[in-house]
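A.B. asks: Just dropping this structure here.
Protein chains: 4
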Amino acid sequence: MHLAERYPAIRAYSQALIAPLSAEDCAIQSMDDASPAKWHLAHTTWFFETVVLKPLIDGYRVFNPAYAYLFNSYYNSLGPRHARPQRGLLSRPHLDEVLSYRAHVDAAMDQYLANADEEFLRLTEIGLNHEQQHQELLLTDIQHAFYCNPLHPVYAADAAQLAANARAPAWLPLESGLHSVGHTASSFCYDNETPAHQVWLHGSEIASTLVSNSDFQAFIEDGGYRDATCWLADGWDWIRAEGLQQPLYWHDDAATAFSLRGDQPRDPHAPAAHLSFYEADAYARWAGARLPSEREWEVAATLFPQHDWFGQVWQWTSSPYQPYPGYRPPQGPLGEYNAKFMCNQMVLRGSSAYTPDGHSRTTYRNFFHPHCRWQLSGLRLARDL
Amino acid sequence: MHLAERYPAIRAYSQALIAPLSAEDCAIQSMDDASPAKWHLAHTTWFFETVVLKPLIDGYRVFNPAYAYLFNSYYNSLGPRHARPQRGLLSRPHLDEVLSYRAHVDAAMDQYLANADEEFLRLTEIGLNHEQQHQELLLTDIQHAFYCNPLHPVYAADAAQLAANARAPAWLPLESGLHSVGHTASSFCYDNETPAHQVWLHGSEIASTLVSNSDFQAFIEDGGYRDATCWLADGWDWIRAEGLQQPLYWHDDAATAFSLRGDQPRDPHAPAAHLSFYEADAYARWAGARLPSEREWEVAATLFPQHDWFGQVWQWTSSPYQPYPGYRPPQGPLGEYNAKFMCNQMVLRGSSAYTPDGHSRTTYRNFFHPHCRWQLSGLRLARDL
Amino acid sequence: MHLAERYPAIRAYSQALIAPLSAEDCAIQSMDDASPAKWHLAHTTWFFETVVLKPLIDGYRVFNPAYAYLFNSYYNSLGPRHARPQRGLLSRPHLDEVLSYRAHVDAAMDQYLANADEEFLRLTEIGLNHEQQHQELLLTDIQHAFYCNPLHPVYAADAAQLAANARAPAWLPLESGLHSVGHTASSFCYDNETPAHQVWLHGSEIASTLVSNSDFQAFIEDGGYRDATCWLADGWDWIRAEGLQQPLYWHDDAATAFSLRGDQPRDPHAPAAHLSFYEADAYARWAGARLPSEREWEVAATLFPQHDWFGQVWQWTSSPYQPYPGYRPPQGPLGEYNAKFMCNQMVLRGSSAYTPDGHSRTTYRNFFHPHCRWQLSGLRLARDL
Amino acid sequence: MHLAERYPAIRAYSQALIAPLSAEDCAIQSMDDASPAKWHLAHTTWFFETVVLKPLIDGYRVFNPAYAYLFNSYYNSLGPRHARPQRGLLSRPHLDEVLSYRAHVDAAMDQYLANADEEFLRLTEIGLNHEQQHQELLLTDIQHAFYCNPLHPVYAADAAQLAANARAPAWLPLESGLHSVGHTASSFCYDNETPAHQVWLHGSEIASTLVSNSDFQAFIEDGGYRDATCWLADGWDWIRAEGLQQPLYWHDDAATAFSLRGDQPRDPHAPAAHLSFYEADAYARWAGARLPSEREWEVAATLFPQHDWFGQVWQWTSSPYQPYPGYRPPQGPLGEYNAKFMCNQMVLRGSSAYTPDGHSRTTYRNFFHPHCRWQLSGLRLARDL
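If you read the protein sequences in the order shown, they are chains A, B, C and D.
Just add 580 to the spot in the first sequence (first one is 1) and you have our numbering.
Just add 580 to the spot in the second sequence (first one is 1) and you have our numbering.
Just add 580 to the spot in the third sequence (first one is 1) and you have our numbering.
Just add 580 to the spot in the fourth sequence (first one is 1) and you have our numbering.
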């Protein structure tokens with residue numbers, strides 16, 4: 581599909597996501613890591629205005645100069661910005677003003693997209709992928725915000741949810757030797773997926789299925805959260821400081837959990853989700869296995885395409901987020917898109933039930949700090965031969 | 581005016597205060613000390629429901645049982661409550677649900693007020709005074725929240741503001757000897773204004789005028805914020821830790837300040853406002869004077885009624901908030917209304933431009949922690965003979 | 581006794597206090613509020629050097645110019661100073677260097693004291709009283725530091741301890757009317773004890789005995805630490821945040837407590853000690869009484885001199901630490917001695933088992949923040965008629 | 581040299597390190613990451629007692645049972661332990677008691693070492709390497725503690741210091757292809773250096789010299805600490821929050837720095853040291869290069885053995901600390917020695933001027949959190965072809 585068609589479809593999907601939400605819902609921010617839905621809508625629009633329209637279109641009229649400050653996320657090269665933890669205080673601009681902002685930018689994009697040059701198209705493609713990332717964040721962030729409300733509101737009775745796994749588990753073999761990883765196709769990818777390069781794998785096996793709620797329940801019942809030997813030192817300190825005893829959103833009754841559908845029974849056969857890296861890693865150690873490296877994951881996803889790699893939960897890998905050999909960040913502000921985060925974070929692979937259609941691929945590298953668990957994050961196991 | 585008439589008038593005034601605000605505006609909380617406007621509207625309603633209707637009216641139907649938890653402010657005797665710093669996350673109930681809650685409670689109150697017994701009337705009177713307190717807080721809280729928004733929104737172009745002082749300053753004499761303070765009339769007062777009692781005053785003088793913006797500007801220009809000898813030890817530590825150099829809402833340009841009317845020129849002849857106790861005390865020391873005690877203030881306000889005691893700014897006194905001799909808190913939940921706060925706070929006297937009509941009196945004791953400065957708080961000087 | 585005799589006696593007593601301690605013991609600091617024993621020895625010496633010798637003695641040779649920075653406690657007018665929480669890092673100067681510093685200053689003081697003028701004597705008197713205050717702090721601070729060591733070291737097997745109360749409890753009457761408080765004698769007092777002034781007392785009664793360990797045990801057993809209605813709001817928040825359930829130094833076994841003699845059985849008839857103001861106040865409310873005001877305490881101590889006013893525990897009063905009417909701080913650095921702390925602290929009266937001989941008087945005003953409890957602080961009750 | 585000879589030599593060297601220190605010096609702890617010298621002496625002794633003597637020698641008499649709690653560093657499998665940030669409060673046991681503890685354990689070790697079995701020898705070897713690690717930490721920790729003392733004490737006038745680099749800089753080639761890394765010799769290594777394995781290198785170059793003080797000065801003068809584009813996001817946030825503008829121990833005068841010899845002129849040709857990973861990484865980016873990976877470093881150190889790999893500064897690599905492929909931690913408490921720290925830390929290679937003789941090797945993996953900079957940590961550059 582040409583960008584001129586994909587642009588309005590993707591932009592419309594963002595707005596469809598807030599259909600169940602009031603203006604008040606769209607304004608709240610429940611923690612520093614999360615953002616209000618309204619902010620996601622404005623920031624993704626700011627991205628098109630700032631990265632595509634302003635530099636490329638002579639005479640483009642900026643909707644509101646103050647938005648450059650309010651809706652810059654983290655681009656130091658684009659000037660100062662509103663403090664992230666204060667995004668929930670922005671009752672102004674109102675939601676309808678943000679929607680007008682979207683309409684203003686969409687009209688300009690529509691005007692130029694049909695006959696755009698290659699650079700315009702290239703940056704628009706990035707902007708659309710960027711918007712899709714925020715579509716997933718909008719959902720994880722509103723889920724967290726609603727969880728903080730004692731009323732535990734329902735986002736939507738038919739919101740995306742995790743399917744039970746029907747397949748029998750198996751260990752899939754990964755042979756020792758040189759393999760290729762990284763993006764090589766002509767289609768879009770982020771800079772961090774390049775350059776494609778060779779890696780040496782040491783023979784191992786990777787699970788064909790995701791760890792399920794009942795698997796994880798067994799870990800808890802075996803005292804996993806009380807046994808220091810299962811945990812990395814930083815993880816152990818963290819669960820003790822926070823008093824954690826189960827995944828995020830699980831209720832103490834051991835049978836229900838909070839989701840975009842509100843409080844719901846937990847399906848024992850659905851994949852475990854809302855785990856931090858520390859919990860995923862501790863589970864793996866308890867199970868006598870380990871997390872796969874991101875290179876193992878990618879090779880396996882290429883070799884064995886039918887095994888739940890996508891669309892359920894993001895899968896923690898054992899790999900710290902690092903540049904690929906020979907990686908160079910792009911010039912200009914987009915150089916800040918990925919490169920500066922390549923420290924202290926862990927790579928997740930796959931995609932989740934909240935990931936928009938068309939935003940998954942084998943080489944995709946997602947990343948979060950190891951304690952983060954408000955994403956739909958789970959795991960699959962690997963083991964050495 | 582009978583309570584059956586005052587009740588709807590006061591309740592309507594609360595809702596009039598949010599006329600300039602959107603639902604989004606009504607949901608935000610800018611700091612732990614402040615609350616969202618929506619929460620003020622709900623909490624004051626919860627007060628009537630919990631303190632008046634539920635105990636006194638058989639068969640009263642509670643609007644929503646969850647509200648007992650959400651809108652309890654600090655009454656331990658009324659059960660657990662939502663954490664204060666999390667009030668800004670309550671997008672639900674929506675503003676219109678809160679307005680429905682108000683209508684539900686108002687209907688019940690209206691039904692019973694006309695023929696209410698004395699206890700019903702007594703508790704209703706407290707509820708109305710309580711609501712008036714929150715009317716002022718609603719304004720100070722929204723001002724602070726708007727100040728945190730880089731857009732510096734205007735609440736209302738005709739919002740209350742401080743008048744310039746027209747009178748010449750004078751020192752009013754307070755003679756040594758026994759005086760009476762505390763509430764004696766049959767009209768309403770809070771428990772903390774009683775019992776009336778005798779105090780011994782040591783001869784002093786009290787200023788007939790409030791300290792003005794230009795007065796306070798002189799203190800700043802003389803290096804007041806950099807001179808430790810002006811400050812109490814805790815105050816000095818606090819302004820250093822916070823990097824403070826001027827009153828809250830003043831802009832560095834030394835000519836404008838933020839108010840409910842947005843950024844506005846500062847009137848040099850208007851009273852200085854948004855001062856903490858520490859700043860008021862430091863100013864007084866710099867000026868070779870001191871703050872009056874609350875008893876001095878009260879005696880003076882009785883003797884010299886024409887001197888700006890009310891309606892401009894609350895005036896910090898040198899008096900820690902303490903029970904009067906012989907004070908006993910009421911039985912039951914209202915015993916928590918005042919008594920448990922009688923530590924670590926300082927008394928302010930008078931009333932401010934944001935105080936609702938009919939909510940000022942000579943014996944009224946307002947109180948805040950000494951670093952608080954988001955109220956309309958200023959000072960007048962006193963000195964020993 | 582003339583100052584020329586008292587000076588060496590009081591100075592020697594400070595050094596006697598560290599006889600049971602190693603150089604290592606003298607260097608440790610267990611919390612921001614406490615100081616190492618070595619620091620106390622140096623700071624009190626710095627006081628004589630800085631306040632007496634340097635200003636008054638031409639040609640006095642400063643022992644080490646760096647000590648002006650290291651051993652200034654809180655005098656802004658005497659220049660910058662080492663951060664209080666870092667006092668425990670000062671392994672240098674070594675203890676023996678500090679003792680040499682003391683000898684150097686003592687030699688100079690000895691040389692000039694015999695023929696000193698009035699100003700020299702006046703400042704020396706303050707310095708000796710200052711040293712006595714630090715003698716008590718040295719003991720409370722080393723007790724706290726030893727408590728933080730899992731070995732629970734003994735300071736001295738014959739260290740001061742609290743005596744059991746032998747007298748029957750009684751209520752002593754305080755009549756309504758004008759009374760005098762404050763210091764009037766020609767003997768030494770601190771500035772904060774002046775000016776003597778008249779106060780109006782409202783008739784009350786004050787207990788002849790201190791609250792005992794068994795009294796306080798009854799409060800605990802009645803659920804006092806779990807009943808919000810006993811507590812001031814700030815106190816309740818504090819015990820919940822800290823998880824407190826008993827006085828400092830009490831062990832869970834309900835029979836022993838830590839003291840300068842190490843872990844020892846608790847004497848049920850000895851006064852309860854190591855209470856914060858919040859705990860003392862909560863106990864009083866639970867007991868259907870209240871704390872006396874400092875003026876009530878002082879009048880009672882004058883009227884009824886045989887009732888444990890001194891030498892057991894400091895007694896929390898209900899009085900915030902405030903200047904007396906007409907109080908003016910001294911000019912110069914000693915103006916910082918007391919005045920700047922007159923906010924956020926509560927007055928204690930009496931003296932404790934750790935207070936040096938000759939450092940108690942009826943008008944003495946001690947003061948600490950309301951959560952502090954590492955002093956020998958207890959209470960006696962009062963009640964309205 | 582047989583272990584029976586190396587044991588007393590290495591143990592004696594630890595005690596030689598405290599020769600310039602008083603008992604007071606040995607007791608202080610300047611930050612959570614550091615430990616008192618006395619604690620290092622005791623903990624290394626505890627290691628031999630706990631890991632070697634108690635499990636292997638029937639009838640071994642424990643010196644003091646309380647030490648199991650006081651001197652356990654981080655071994656959860658060996659029971660609870662004293663909180664790390666409180667190590668500086670342990671005035672007891674006194675230094676001479678700790679030296680007696682050392683003598684007690686040394687006597688037992690001496691008795692058994694001559695005829696020890698293989699397991700005893702294996703664990704003793706680990707204990708000696710462990711002691712050597714703490715010898716370096718003892719020096720870095722006392723340097724930091726002395727730096728916190730405004731007197732800036734000298735540890736020793738002839739303490740180890742960094743030599744000026746005399747060689748001309750060059751780029752050493754690393755060819756693309758399979759290389760071996762990890763420990764293969766029969767000599768001692770830590771578990772984290774195994775298993776040896778093959779890695780695929782992508783052709784690059786590595787600098788023959790370390791980055792010098794004058795190199796780093798050029799970065800500072802070019803505004804490196806003010807230019808966000810040089811920094812990883814977490815590093816930028818960190819230097820801004822801490823207000824950092826230069827390496828640890830550099831003085832603002834740009835000519836001197838603090839060291840174990842006290843404040844000394846900086847040698848522009850000596851290697852830059854006391855850098856965090858963030859600073860090393862920012863420097864490399866500013867210089868148009870990057871940090872080497874640990875595998876590049878190890879291959880280069882094997883190929884080009886004459887180039888300052890050892891004995892000056894530990895060299896930050898771009899490699900997060902991770903297990904090698906196929907790594908399995910040892911059974912028992914030593915399984916906690918390395919494995920649980922393999923998260924959130926970065927690998928340093930080489931050794932420093934403070935590293936004891938005989939404690940360096942090509943495969944050695946040191947690791948610290950990326951903000952740590954109190955070690956002798958610097959860098960060498962690498963670049964892609």
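We put the CB at the ideal spot given by N, CA and C, even for glycine.
1. Along the stretch 657-671 of chain D, what residues have a CB closer than 8 Å to any CB found in chain C?
2. Is it true that the CB of Phe890(D) sits closer than 7 Å to the CB of Ser931(D)?
3. What is the residue span of the alpha helix (DSSP H) that Leu583(D) lies within?
4. What are the boundary residues of the alpha helix (DSSP H) that includes Thr994(B)?
5. List the residues of chain A that Leu731(B) touches, going by C-beta distances under 7 Å, in chain order.
6. Pull up the DSSP beta-bridge partners for Thr624(D), would you.
7. Classify His759(D) as helix, strand or coil using the three-state DSSP reduction.
8. Bridge partners for Phe948(A) per DSSP, in chain order?
9. With a threshold of 7 Å between beta-carbons, can Phe608(C) be considered close to chain D, or not?
10. With Ala848(C) and Ser792(C) assumed to form a contact (beta carbons below 8 Å), what rounded beta-carbon distance in angstroms separates them?
11. Just mark Met581(C) as buried or exposed, buried being the case when its beta carbon has 16 or more other beta carbons within 10 Å.
12. Flag Glu521(C) as yes if its beta-carbon sits less than 7 Å from any beta-carbon of chain D, otherwise no.
13. Verify whether the separation of the beta carbon atoms of Leu961(A) and Ala852(A) is less than 7 Å.
14. Is Cys923(A) close to chain D, meaning its C-beta is less than 7 Å from at least one C-beta of that chain?
15. Run the CB neighbour count on Tyr654(C), radius 10 Å, all protein chains shown included, and call it buried at 16 or more, exposed below.
16. Whole-angstrom Cβ separation of Glu716(B) and Ile590(B), contact assumed at under 8 Å?
17. Does the stretch 596-606 of chain C come close enough to the stretch 887-901 of chain B that 3 or more CB-CB pairs lie under 8 Å?
18. So the candidates are Leu824(A), Val678(A), Arg953(A), Asp638(A); which of them puts its Cα closest to the Cα of Thr967(A)?
19. By the criterion of Cβ-Cβ separation under 8 Å, what are the contact partners of Pro675(D) in chain C?
20. So, under 8 Å CB-CB, Phe838(C) and Tyr727(C) are touching, yes? Tell me the CB distance rounded to an integer number of Å.
21. Checking 7 Å against the spacing of the C-beta atoms, do His763(B) and Thr943(B) come in under that value?
22. Closest to Trp619(B) by C-alpha separation, out of Ala584(B), Leu669(B), Glu822(B), would be which residue?
23. Classify Asp964(C) as helix, strand or coil using the three-state DSSP reduction.
24. Which bits of chain C does Leu650(D) rub up against, with CB to CB less than 7 Å?
25. Answer with buried or exposed for Ser784(C), where buried requires no fewer than 16 other C-beta atoms within 10 angstroms of its C-beta.
26. List the whole-angstrom C-beta distance separating Leu840(C) from Leu959(C), where the pair is believed to meet the contact cut-off of C-beta under 8 Å.
27. Counting contacts by CB-CB distance shorter than 7 Å, is Asp814(D) in contact with chain A?
28. Along the beta strand (DSSP E) that carries Val685(C), what are the first and last residues, could you check?
29. Would you kindly check if the distance between the Cβ of Ala725(B) and the Cβ of Ser594(B) is under 7 Å?
30. Using the beta-carbon count (16 or more within 10 Å), is Asp795(A) buried or exposed?
31. Going by beta-carbon coordinates alone, are Ala880(C) and Leu758(C) separated by less than 7 Å?
32. Below 9 Å on C-beta distance, what does Thr809(B) contact in chain C?
33. Cα-Cα, which of Thr809(B), Gln844(B), Trp751(B) is closest to Asp861(B)?
C.D. replies: The answer reads as follows:
1. His662, Gln666, Gly668, Leu669, Leu670, Ser671
2. To locate residue 931(D), count along the fourth sequence from 1; it is residue 351. To locate residue 890(D), count along the fourth sequence from 1; it is residue 310. Yes, Cβ-Cβ distance for Ser931(D) and Phe890(D) is below 7 Å.
3. By 1-based counting over the fourth sequence, the position of residue 583(D) is 3. That run of the alpha helix (DSSP H) goes 583-597.
4. The requested residue 994(B) does not occur in the structure, where chain B is confined to residues 581 to 965.
5. To locate residue 731(B), count along the second sequence from 1; it is residue 151. Ala646, Arg672, listed in chain order.
6. In the fourth sequence, counting from the first residue as 1, residue 624(D) sits at position 44. In the DSSP output, where bridge partners are listed per residue, Thr624(D) has none listed.
7. Translated into positions along the fourth sequence, residue 759(D) becomes position 179. Reduced to three states, the DSSP call for His759(D) is strand.
8. Position 368 of the first sequence, counted from the first residue, corresponds to residue 948(A). For Phe948(A), which the question treats as bridged, DSSP gives the partners Met926(A).
9. Within the third sequence, the letter at position 28 stands for residue 608(C). For clarity, residue 608(C) is Ile in the given sequence; the question names Phe instead. Judged by the 7 Å Cβ criterion, Ile608(C) is in contact with chain D.
10. Residue 848(C) sits at position 268 when you count from the first residue of the third sequence. Residue 792(C) sits at position 212 when you count from the first residue of the third sequence. It should be pointed out that residue 848(C) corresponds to Pro in this sequence rather than to Ala. Indeed, because the Cβ distance is near 6 Å, the residues count as touching under 8 Å.
11. The sequence position of residue 581(C) within the third sequence is 1, counting from 1. It counts as exposed.
12. Since the displayed chain C opens at 581 and closes at 965, residue 521(C) lies outside it and no answer follows.
13. Position 381 of the first sequence, counted from the first residue, corresponds to residue 961(A). Position 272 of the first sequence, counted from the first residue, corresponds to residue 852(A). For Leu961(A) and Ala852(A), no; Cβs fall outside 7 Å.
14. Position 343 of the first sequence, counted from the start, is the residue given in the question as residue 923(A). Chain D, which has a Cβ nearer than 7 Å to the Cβ of Cys923(A), makes this yes.
15. On the third sequence, position 74 is the one that residue 654(C) refers to. Exposed.
16. Walking along the second sequence from the start, residue 716(B) turns up at place 136. Walking along the second sequence from the start, residue 590(B) turns up at place 10. Actually they do not touch by this definition, with Cβ atoms about 13 Å apart.
17. no
18. In the structure displayed, chain A extends from 581 to 965; residue 967(A) sits before or after that span and is not available.
19. Here residue 675(D) is taken as the residue at index 95 of the fourth sequence, counted from 1. Looking at the sequence itself, residue 675(D) is Leu, so the reference to Pro does not match. Near Leu675(D) (Cβ distances below 8 Å), the residues of chain C are Glu604.
20. For the purposes of this step, residue 838(C) is identified with residue 258 of the third sequence, where counting begins at 1. For the purposes of this step, residue 727(C) is identified with residue 147 of the third sequence, where counting begins at 1. Rounded, the Cβ-Cβ distance is 5 Å, consistent with contact.
21. In the second sequence, residue 763(B) corresponds to position 183, counting from 1. In the second sequence, residue 943(B) corresponds to position 363, counting from 1. Yes, these two residues count as a Cβ contact at 7 Å.
22. In the second sequence, counting from the first residue as 1, residue 619(B) sits at position 39. Looking at the Cα atoms, Leu669(B) is the closest of the given residues.
23. Along the third sequence, one-based indexing puts residue 964(C) at 384. Reduced to three states, the DSSP call for Asp964(C) is strand.
24. Looking up residue 650(D) in the fourth sequence gives position 70. Within chain C, the residues near Leu650(D) are Pro730.
25. Translated into the one-based positions of the third sequence, residue 784(C) becomes position 204. Buried.
26. Taking the first residue of the third sequence as 1, we reach residue 840(C) at position 260. Taking the first residue of the third sequence as 1, we reach residue 959(C) at position 379. Between Leu959(C) and Leu840(C) the Cβ distance is about 21 Å, and since that is not below 8 Å, they are no contact.
27. In the fourth sequence, residue 814(D) corresponds to position 234, counting from 1. It does: the Cβ of Asp814(D) has a partner Cβ on chain A nearer than 7 Å.
28. Along the third sequence, read from residue 1 onward, the residue named residue 685(C) stands at position 105. Not the beta strand (DSSP E): Val685(C) falls in the alpha helix (DSSP H), residues 675-693.
29. Within the second sequence, the letter at position 14 stands for residue 594(B). Within the second sequence, the letter at position 145 stands for residue 725(B). No, these two residues do not count as a Cβ contact at 7 Å.
30. Start at 1 with the first residue of the first sequence, and residue 795(A) comes out as number 215. Classification of Asp795(A): buried, given that the 10 Å Cβ count is 16 or more.
31. Working through the third sequence from its first residue, we reach residue 880(C) at position 300. Working through the third sequence from its first residue, we reach residue 758(C) at position 178. For Ala880(C) and Leu758(C), no; Cβs fall outside 7 Å.
32. The residue labelled residue 809(B) in the question sits at position 229 within the second sequence. Those within 9 Å of Thr809(B) in chain C are Asn656, Ser657, Gly915, Glu916, Lys920.
33. As a working note, residue 861(B) is residue 281 in the second sequence. Nearest C-alpha to Asp861(B): Thr809(B).
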